[in-house]
Each structure stands twice: as C-alpha cells, then as structure tokens.
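**Q** Here the sequence shown stands for residues 763 to 969, where the numbers follow our numbering.
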Amino acid sequence: MRAIDAGILVCMECHELNRQEPNSDEQTCTRCGALVHARRPNSVVRTWALLVTAAILYIPANLLPIMTVSSLGQGAPSTIMSGVIELVQHGMFPIAAVVFIASILVPTFKLVGIALLLFSVQRHQPLSARQRIIMYRFIEFIGRWSMLDIFVIAILVALVSFGRLASIEANLGAVAFSSVVILTMLAAVTFDPRLIWDNTESDDDYD
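(1) So is Asp954 buried or exposed if we call it buried at 16+ other beta carbons inside 10 Å?
(2) I believe Leu957 touches Leu812 by the beta-carbon criterion, under 8 Å. Please report the beta-carbon distance rounded to the nearest angstrom.
(3) Look up Thr790 in the DSSP assignment and say whether it is helix, strand or coil.
(4) With a floor of 4 residues, list each alpha helix (DSSP H) that falls wholly inside the segment 840-920, ordered by position along the chain.
(5) Leaving out five residues on either side along the sequence, give the residues of the same chain with a beta carbon under 6 Å from the beta carbon of Leu819.
(6) Does DSSP put Ile770 in a helix, a strand or coil?
(7) What residues in its chain sit with their C-beta under 7 Å from that of Ala932, if we drop five residues either side in the sequence?
(8) Is it buried or exposed for Ala816, if we count other Cβ within 10 angstroms and need 16 for buried?
(9) What would DSSP say about Asn785, mapped onto helix, strand or coil?
(10) Look at the alpha carbon of Phe900 and the alpha carbon of Pro784, and state the distance between them as a whole number of angstroms.
Quick look at the structure:
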C-alpha cells in the first residue's frame, strides 16, 4: 500500500509525515510549514522541458571546441571527442577513458535514461517499477561525476597561464556542456520518483 492511499503526505523539505486534510487545496507541513503535495506539481512537464533543453544544448556541447591549449604561441581549439583522440594518440588511455566516460557516456545515459523514465510513466510501458527505480537511482548516482571534465578545465585554466609560453582557455563548448550537466541534474531533481509507483499495474511489480 502506498502512503497516499493511507491518507499520508510526505513533506519534501523535512520529510515529516502529515495526515492529508480533506477538501484542502493547500496544505502545510505541521513541522516546518512548507507546502505539502501528494506529488510534485507539474513534475513531468518540468522534467521534459529541462530534458529537451539539455538535449538541444548537447549538440553544440560536442561540436563546439571545449578548450584551447596553446604552447609557445601555437595551439588549436579541441572538442571533447578530439581531446579524447589526442589523449589516446599520446598513449594516455586511462585518462582518455575517464574523459570519454564522464563527458560522453554519462550525459548521454542521463538524457536517454530520464527520457525512458518519463516515457514509461506517461505511456504505462511494460517496465517493472523495480527496474525503473533502479534506473532512477543510478541516474542520480552518476550525476555527481558529470562535472568532472569542467572541473579539470577550470583547474587547468587557473594553473596554466604563462602568457605565450603556455596557456589554456575555456571555449563556448565548455559553457554548453556545463549547461547540459546542470539541466540534467535539475531534471533528475524535478522528476518525482513516486510517479513510478503510481504507474505500477499490480503488486507483483513490487516484488
């Protein structure tokens, strides 16, 4: 049985359990006074809006140069993928693998994973609640690693600044990529995982 079936609402601010008041449009938490909702208002619509925006920005994030490395006055801008290729060519396979996973695979998986969750919830697709909640938790877990590439660029820009001798500059691709990461993190936050259980066909999906 779900909490909502028992007339219990959970405060998303302090996690206090509140008894649902009948005929009440706006109910506040008995502990912290925050508004309490059975489900996050417009969760699916907001998540779709953030996800579509992130998907649009994902294109320039991969096509535009993310940084320019200059040495002795010479240098060329590089995209994420070209940077991975250069690392491979120099034999730095572990670093190339980390950059590829953090900058290519993780954002792609988050975009596809959240889209699948939204689609399955809206269309009642034959995907068990357990499978969907595992996918959601995994998306939340990998989200913290999405900014790894941006952190590396920020550190390099701050440390490597020796004029014409050597310098590293961030480009527009870094801005687009940061926007994608932030938007996908917000999409994961705005999505209400309780909708997964609302769309469970039977109690067998809980087992």
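We put the beta carbon where it would ideally sit given N, CA and C, even for glycine.
**A** Reading it off the structure:
(1) Classification of Asp954: buried, given that the 10 Å Cβ count is 16 or more.
(2) The pair is not a contact, with the Cβ atoms about 16 Å apart (cut-off 8 Å).
(3) Reduced to three states, the DSSP call for Thr790 is strand.
(4) 842-851, 855-862, 868-885 and 891-904
(5) Close CB contacts of Leu819 within its chain, under the 6 Å cut and outside five residues either way in sequence, are with Ala938, Ser941 and Val942 (chain order).
(6) strand
(7) Met829, Ile915 and Val919
(8) buried
(9) coil
(10) 36 Å
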